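Notes to accompany the following structure.
2 protein chains.
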Amino acid sequence: MGEPARRLGIRDVAEQTGLSVSTVSRALNGYSDVKLETRRKVEAAAEHLGYRANFAASSLRSKQTNIVTFMVSKPWTKFVDPFFLSLLDGVELALQAQGYALQIIMAREHETEFEIIRNSVERGRCDGLLFGRTRPEDERVEWLKARGFPFVTVGRTDKSDHDWVDVDHYRIGHMATERLIRLGHARVAHLATPLRYTYSNHALRGYRDALDAHGIGHDPALEIECYLSRKTGADAVTELITRGVDPTAIFCGNDVIALSAMEAMRQFGIRPGPDMALIGCDDIPVAAHVGMGLTTFRQDLDALGMLLGRMMVAKLGGDAGPHQQLIDAELILRGTDLPQSGGRAE
Amino acid sequence: MGEPARRLGIRDVAEQTGLSVSTVSRALNGYSDVKLETRRKVEAAAEHLGYRANFAASSLRSKQTNIVTFMVSKPWTKFVDPFFLSLLDGVELALQAQGYALQIIMAREHETEFEIIRNSVERGRCDGLLFGRTRPEDERVEWLKARGFPFVTVGRTDKSDHDWVDVDHYRIGHMATERLIRLGHARVAHLATPLRYTYSNHALRGYRDALDAHGIGHDPALEIECYLSRKTGADAVTELITRGVDPTAIFCGNDVIALSAMEAMRQFGIRPGPDMALIGCDDIPVAAHVGMGLTTFRQDLDALGMLLGRMMVAKLGGDAGPHQQLIDAELILRGTDLPQSGGRAE
DNA sequence: GCAATATTCAAAAACGTTTTTGGAGATCGG
DNA sequence: CCGATCTCCAAAAACGTTTTTGAATATTGC
Chain A
7 MGEPARRLGI RDVAEQTGLS VSTVSRALNG YSDVKLETRR KVEAAAEHLG YRANFAASSL
67 RSKQTNIVTF MVSKPWTKFV DPFFLSLLDG VELALQAQGY ALQIIMAREH ETEFEIIRNS
127 VERGRCDGLL FGRTRPEDER VEWLKARGFP FVTVGRTDKS DHDWVDVDHY RIGHMATERL
187 IRLGHARVAH LATPLRYTYS NHALRGYRDA LDAHGIGHDP ALEIECYLSR KTGADAVTEL
247 ITRGVDPTAI FCGNDVIALS AMEAMRQFGI RPGPDMALIG CDDIPVAAHV GMGLTTFRQD
307 LDALGMLLGR MMVAKLGGDA GPHQQLIDAE LILRGTDLPQ SGGRAE
Chain B
7 MGEPARRLGI RDVAEQTGLS VSTVSRALNG YSDVKLETRR KVEAAAEHLG YRANFAASSL
67 RSKQTNIVTF MVSKPWTKFV DPFFLSLLDG VELALQAQGY ALQIIMAREH ETEFEIIRNS
127 VERGRCDGLL FGRTRPEDER VEWLKARGFP FVTVGRTDKS DHDWVDVDHY RIGHMATERL
187 IRLGHARVAH LATPLRYTYS NHALRGYRDA LDAHGIGHDP ALEIECYLSR KTGADAVTEL
247 ITRGVDPTAI FCGNDVIALS AMEAMRQFGI RPGPDMALIG CDDIPVAAHV GMGLTTFRQD
307 LDALGMLLGR MMVAKLGGDA GPHQQLIDAE LILRGTDLPQ SGGRAE
């Protein structure tokens, strides 16, 4: 009868080499108390047999997975967000250099985010956790902190007493608004990204502070919160115009909102740029190609990702930290940040 | 002194309920031979204690992970390829509906692809494997087939005797070329995606067959293979023009190539569309915004992804298959597929 | 040359579950 | 009312590693 076709195990390597199972394990895992010659012999036998340690078994015994999980939240799964891939590319690079594997899981529903984290941590599926879209008061952050589980976030909380990397959206908001003011605009609107996220609040504060610094108070009618769908930038512009708020310039929290806003402007016969100045954020690929080109901010996401990965590796290596770092974005000047024209051509 | 702070285990749930460890396990895993009342009690206790089965242990004993791995290859990690995220979104949806988790790993170097697959399979890290960028003769496919490990690919091999989903690039190539011919173009060039991939060959065959069907032989000088970087579409156009090959229309294997080609055309004073017709493939977001809009093909990637996921679930459920399915792409008419103008305006 | 220390390896325990095996009590048919 | 069949659960084995423990041999210091 045919053999039961047992799976190849460390035992087979031991038999092949005439060594004990424990020695084989120690040789394969790079322990120092095994003679070089022995190690070579073991490695040769393992290679020859095609043996690899079973993941579940080794992770059960050693209590580590060598996996870092990045949880991507709904908005990132829904759009082709350049934020996503470039960032991950950097993270992966930094992790694999230290022997860690990057695993990506998706949180489709907003409510499942926490559940996914709990599951990953409590079931011991990974050694460290990465995620973004942090909120001013973030349940996930608090829970992980309380448990002492290693994690780094993209974005801060209000307390910010954990490890994070972040793009300086305060500075972005401030610079964008100031530039528009210097171009002669007195009524600058802000179409904000969802204010449940911390970074949106930072951008908003930057916007307001820039206005204040120039003696222009902020007008609630000029501030509209947009959600991450394709339409709300347009809706916001429509609202601004139909209500007669009449801004002459707009700072948008991201390019998707800006693009949507531009669409609405054209419907109203307003030329984005000449008739209404516009600055976005993110520099998505379309930004360079739409109309006369959208002026926006670019972030070095590769660098941000590598930073994120390196922080995680440092934490996992026992470095207590704190690990916190702010990244600057670069203003990309294109065609939509034009001076106040004094009214649109009829 | 202080308790050793042991990790919460199934034993604790057993003690809490006064049941045996085995019964708790069976209750939690939905076996039928446990009284409803007992099951409820166990679930309540587990919930109350916050217990979750350790992943490594359960996967070691049960020999399954409930994980399906999608390996993404280098080109997909490098660009913001819409192919990627939409596809994964669909896959994830189909998998999680059946209790499987989607895990994504990246193959940065081309050469590591195979190594990653071996590692995943031999170490028992997942129950099934998904990947794309298949080649006419694909080492990965052969190896997995020989091992009998469950996998589905995006794209076929020459033999195609495994499970796959694919976009019908033959039809795309045929339709695009035929459309250009009907518009009066006799010299239609083809900027192909890398021919090491199977789908590129299908597109090329479609292109050639359409020419043949109209009594136009294919001219090797009109066929240029482009690699997936931003520049080669431009390089190819430059080559066509400087060599005096003078096509009046181009069918591009994808939109990135087409966009790059358009850039080069403009440098030569050739207007994409009026002076040289152009059809791309993929309908990346920029395609709608560039110039007068790029005519291209759109694929329903969500559907493709869900199909992929459902096939994997079926396989894992024991359905022997074969599971093979071809998906049609939709022609999106925009501004670059114009009739032969008889020469460009000087 | 002898005790002390280093080096190298083997045996066995441990990791936390699921699965196998089997047995006690309940239910059923006649 | 008795044997047969079900229902529900407990005890123990098993999964394939890594880690702990300890012992044999080789090396060193004096």
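In order, the protein sequences belong to chains A and B. Residue numbering for the first sequence follows this note's numbering, beginning at 7 and increasing consecutively. Residue numbering for the second sequence follows this note's numbering, beginning at 7 and increasing consecutively. The beta-carbon is built from N, C-alpha and C at its ideal position, and this holds for glycine as well. Computed from a predicted model, the values in this text were never measured in an experiment.
### Task
Identify whether B:L339 lies in helix, strand or coil by the three-state DSSP scheme.
coil
### Task
Check the Cβ-Cβ distances between B:G311 and every residue of chain A, and say whether any is below 9 angstroms.
no
### Query
How about A:A100: is its C-beta nearer than 9 angstroms to some C-beta of chain B?
no
#### Entry: Closer than 9 angstroms to chain A by CB, B:R129
yes
### Minimum length 3: unbroken beta strand (DSSP E) runs contained in the stretch 205-269 of chain A
229-231, 255-258
### Task
In angstroms with no decimal places, state the Cα-to-Cα distance between B:A219 and B:A182.
13 angstroms
### Task
Identify the continuous beta strand (DSSP E) that holds A:R304 and give its terminal residues.
302-304
### Task
Check whether the Cβ of B:A107 lies closer than 9 angstroms to any Cβ atom in chain A.
yes
### Residues that A:N125 contacts on chain B, provided the C-beta gap is smaller than 8 angstroms
R58
### Message
Determine, for A:M112, whether the minimum Cβ-Cβ distance to residues of chain B falls below 9 angstroms.
### Response
yes
### Query
According to DSSP, is A:P278 helix, strand or coil?
strand
### Query
Would the beta-carbon of B:A293 fall within 9 angstroms of that of B:T302?
yes
### Message
As a quick exercise: from B:L344, B:A209, B:E121, pick the residue whose alpha carbon is nearest that of B:R177.
### Response
B:A209
### Task
Report all residues from its chain with a CB closer than 8 angstroms to the CB of B:G223; omit the five preceding and five following residues, and keep chain order.
L217
#### Entry: Beta-carbon contacts of B:D261 that lie in its chain and below 6 angstroms, excluding the five residues immediately before and after
G286, D288, I290, A293, T302
### Message
I'd like the list of long-range same chain contacts for B:R153, defined as Cβ closer than 7 angstroms, with 5 residues on each side in sequence excluded.
### Response
V127
### Message
Please identify the residue among B:L93, B:Q102, B:G161, B:T75 whose C-alpha is closest to the C-alpha of B:I122.
### Response
B:T75
### Task
Flag A:A220 as yes if its beta-carbon sits less than 9 angstroms from any beta-carbon of chain B, otherwise no.
In the sequence on display, residue 220 of chain A carries His and not Ala. With 9 angstroms as the cut-off, A:H220 does not count as an interface residue toward chain B.
### Message
Give me, in chain order, the residues of the same chain whose beta-carbon lies closer than 7 angstroms to that of B:S92; leave out the 5 immediate sequence neighbours on both sides.
### Response
L307, D308, G311
### Task
Indicate the three-state DSSP secondary structure (helix, strand or coil) for B:V97 in the structure shown.
helix
### Query
Sorted by chain position, which residues of the same chain lie with C-beta nearer than 8 angstroms to A:R185's C-beta, five sequence neighbours on each side aside?
I285, L337, D343
### Query
Cα-Cα, which of A:L99, A:A100, A:L135, A:G96 is closest to A:I111?
A:L135
### Query
Going along the chain, which residues of the stretch 167-183 of chain A sit with their C-beta nearer than 8 angstroms to a C-beta in chain B?
none
### Euclidean distance between Cα positions of A:Y213 and A:L228
11 angstroms
### Query
Counting Cβ pairs closer than 8 angstroms, one from the stretch 101-110 of chain B and one from the stretch 165-179 of chain A, do we hit at least three?
no
### Task
Can you pull the chain B residues whose beta carbon is under 9 angstroms from the beta carbon of A:S31, in chain order?
Ordered by position in chain B, no residue passes the 9 angstroms Cβ test against A:S31, which lies about 15 angstroms from the chain.
### Query
Counting pairs of beta carbons, one from the stretch 139-147 of chain A and one from the stretch 11-25 of chain B, are three or more of them closer than 8 angstroms?
no
### Query
Looking only at C-alpha atoms, which of A:A195, A:G190, A:D164, A:R316 sits nearest to A:G96?
A:R316
### Message
Under DSSP, the beta strand (DSSP E) around A:Q330 begins and ends at which residues?
### Response
330-333
### Query
In the stretch 289-308 of chain B, which residues sit with their C-beta less than 9 angstroms from some C-beta in chain A, listed in chain order?
I290, P291, V292, A294, H295, V296, G297
### Residues within the stretch 180-204 of chain B neighbouring chain A, beta-carbon criterion of under 7 angstroms
none
### 8 angstroms contact criterion, which B:A113 and B:V78 should meet: CB distance rounded
7 angstroms
### Query
What first and last residue would you give for the beta strand (DSSP E) that runs through A:M112?
107-112
### Query
From this set, A:Q331, A:Q346, A:P345, which residue's C-alpha is nearest A:G161's C-alpha?
A:Q331
### Task
Mind reading off the beta-carbon distance from B:V194 to B:M318? Whole number of angstroms is fine, and I expect it under 8 angstroms.
Not quite, the Cβ-Cβ distance comes to about 39 angstroms (not below 8 angstroms), so this is no contact.
### Query
Measuring CA to CA, which of B:R129, B:M282, B:R124 is closest to B:K151?
B:R124
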